[in-house]
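All residue numbers for the sequence shown refer to numbering that gives the first Met the number 0, where the first residue is 0 and numbers rise by one. Quick reminder that beta carbons are idealized off the backbone N, C-alpha and C, glycines included. These figures come from a predicted structure and were not determined experimentally. Shown next, in structure tokens, is the structure this report addresses.
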Amino acid sequence: MTNEQKPDLIVILGDFVIQGVLGGTFVPPEPIARELSGLRAPLGVVAVLGNHDWWLDGERVRRALEAEGIKVLVDDNLRLNYKDRSFWLMGLDDLWTRGNHLRSTFAAIDDNEPIIALSHNPDIFPDMPQRVTLTLAGHTHGGQVDLPLIGPPVVPSKFRQRFAYGLIEERGRKLFVTGGIGTSIIPVRFRVKPEIAILTLISEE
């Protein structure tokens, strides 16, 4: 389905593996990476790691993905060219398990080209510099369960429902949180459908 959309760039926002889903079976990172190797985009497939990846073995997950041609950014930046213009992907390591290295990763970009930040955890967003065009995150699964009038009762974020799902705009900055395709702890989704998010970026110039 992803390839059918003919995206220019594919980004995957972490938690490739997961442990302890009720009634589920653990799948190691190597067959997951082989399945994802079928993804195709002219600018490539780029990923960051999530808390479940590090709880298992982050370096193992990274090796499995990169062996299949998927670039993994761990507090690192990648410069890409699109239609004679350049922009940066700033890939941040998982906030929960690896800490906040936003300042040093951002400082390594020494020009004024646009930046798209990739972060598994949306809780990094309040610290994001104004210059970052867009922050993409996952982690919350959109809450997995969205109750009418109440919203998601459980969101794995210190900001609760503030960064649970969708496009968030604060002080001129933009964050998009995808609900992803998996589940955590219990294999249940209610009013939060699994999704492949297609984003179109339009220059303001």
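Annotation: W95 to R130 spans about 24 Å, alpha carbon to alpha carbon. Per DSSP, reduced to three states, the secondary structure at R170 is coil, with no helix or strand assignment. In the DSSP assignment, L64 falls within the alpha helix (DSSP H) that extends over 57-66.
Boundaries for F105: no beta strand (DSSP E) harbours it, while the alpha helix (DSSP H) harbouring it runs 101-106, taken from the DSSP string. For the pair P186 and D109, the Cα-to-Cα distance works out to about 44 Å. Looking at E29, I31, G37, the one whose alpha-carbon comes closest to that of T1 is G37. The Cβ-Cβ distance between I9 and V44 falls below 7 Å. Taking C-alpha positions only, L148 is separated from H140 by approximately 19 Å. By the neighbour-count definition (other C-beta atoms within 10 Å, threshold 16), G68 is an exposed residue. Distance between L72 and S183, taken at the CA atoms: about 23 Å.
In this structure, D145 sits near V191, with a CB-CB distance shorter than 7 Å.
Rounded to the nearest angstrom, the Cβ distance from L117 to K173 is 14 Å, too far for a contact under 8 Å. Comparing alpha carbon positions, the residue from N76, F15, E203, S85 closest to E34 is F15. T96: member of the alpha helix (DSSP H) spanning 94-97, first to last residue. Contact between L42 and L79 holds, since their C-beta atoms are separated by about 5 Å, short of 8 Å.
A107 sits exposed, since fewer than 16 C-beta atoms from the chains shown fall within 10 Å of its C-beta.
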